[in-house]
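Counted the way our numbering counts, the sequence shown spans residues 2 to 216. Every residue, glycine too, gets a C-beta built ideally from N, C-alpha and C. Remember, predicted model here, so these are calculated numbers, not experimental data. This report concerns only the one structure given below.
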Amino acid sequence: MPKAGVLDTDLLYRIRINPHPRINFPAELSLEALLKYFDEAKDRYLSESKAYEVRVTVDESQKATVKFIDFPGGSFTQVIDLNQPTVIQSPDGHGIQTFVGGRDDAFFNDLPGFFRSINYAPQFYHVPHTMTEARELPIPKTLLELEGNELFNFNPAIPKHGAGVKLDLPPGPWEWKGDKYKRTRTATTVSYTAERTRRRAATSIASCSRSRWRF
2 MPKAGVLDTD
12 LLYRIRINPH
22 PRINFPAELS
32 LEALLKYFDE
42 AKDRYLSESK
52 AYEVRVTVDE
62 SQKATVKFID
72 FPGGSFTQVI
82 DLNQPTVIQS
92 PDGHGIQTFV
102 GGRDDAFFND
112 LPGFFRSINY
122 APQFYHVPHT
132 MTEARELPIP
142 KTLLELEGNE
152 LFNFNPAIPK
162 HGAGVKLDLP
172 PGPWEWKGDK
182 YKRTRTATTV
192 SYTAERTRRR
202 AATSIASCSR
212 SRWRF
C-alpha cells in the first residue's frame, strides 16, 4: 500500500470463501452419534473444495472493480469508490456491505461479534466441548474490570491469562454479583488495568470476522 487509503494498481486482491455449516460435537456420546460427527468432519475438511472468489483491482483513478465469481446467485461485477462503505446488490437482490480501502475498523466488520468475544470463557479457560453453557458466562460484557469479577479481572500473578495462557475452568456457579466497576487505587493498578483493557480490545478486534468482508 503506497500510503493510507491508497491501493496499488498493479496488484490483484483476492479472497476465496469456502463456507460450511458448523459441526457440533454430540451432546450424547454414543457410537452412532460419534460416527455421524466423524462423517460430518470428513465431509467438511476432506471433501472436494468448491471455493467462491472475490477479486478486487484498482485503477489509476483509485476506483475499485469488485468481481464476485461463482457464487450461488451467479457471478457479477461492480465498480465502487475507495474508502467509502458501499452496498453492492447481488443478482438475487441481496445487499453486500463492502469497504475497499486503507481503514482498519472492526466495528464495520461485525459489531455483535466484537461484543460477543469480550469475556469469552474459552479464551481464558479450558472449557470442555460438551459444556456449551460455559462458553458465554452470565457476566456483563465490558472492557472495564468489574469489582469482584475474579474470573476475568487482570491478575498480576498470571499476566498472560487470557492472552495465551488458559486455566482450568473453576467449578460454578459462574456469575458476578457486584454492582460497580473496579476502582483502581495506585498507579501500578491503573497500568495493569489499562494493559488488560488494551489486550481485551486487541483480542476482540482480532477475533471479529463473521459474515461481512472488507478489503
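Three-way DSSP call (helix, strand, coil) for Glu29 in this model: coil
Beta-carbon proximity list for Gly179, same chain, < 8 Å, skipping 5 on both sides: Leu147, Glu148, Gly149 and Asn150
Coil, strand or helix - Lys37 by DSSP: helix
Other residues of its chain near Ile159: CB distance less than 8 Å, five sequence neighbours each side excluded: Val166 and Leu168
Buried/exposed call for Asn19, threshold 16 Cβ in 10 Å: exposed
Beta-carbon spacing of Leu83, Leu8 below 8 Å: yes
Boundaries (first-last residue) of the alpha helix (DSSP H) holding Phe125: Ala122 to Phe125
Through-space distance from Leu138 to His130, alpha-carbon basis: 15 Å
Proximity test, Asn25 beta-carbon vs the ligand ZN heavy atom, cut-off 7 Å: Among the components modelled here there is no ligand, and therefore nothing to report on the ligand ZN.
Touch test, the region 18-36 against the region 59-67, Cβ-Cβ under 8 Å, three pairs minimum: no
Neighbourhood of Trp175 by C-beta distance below 6 Å, restricted to the same chain and skipping five residues each side: Leu138
Bridge partners - Arg17, DSSP secondary structure assignment: Glu54
Distance, His127 Cα to Gln63 Cα: 47 Å
Residues that DSSP places opposite Leu233 in a beta bridge: There is simply no residue 233 to check, as the chain begins at 2 and stops at 216 in what is shown.
Ala42 versus Tyr53 - alpha carbon distance: 20 Å
Under 8 Å between C-beta atoms of Glu61 and Thr10: yes
Close-in-space but distant-in-sequence residues of the same chain around Trp125 (CB under 8 Å, 5 per side omitted): Reading off the sequence shown, one finds Phe at residue 125, where the question assumed Trp. So the list reads Leu152, Phe153, His162, Gly163, Lys167 and Leu168, once near-sequence residues are dropped.
Classification of Val80 by the beta-carbon crowding that lies within 10 angstroms, buried from 16 upward: exposed
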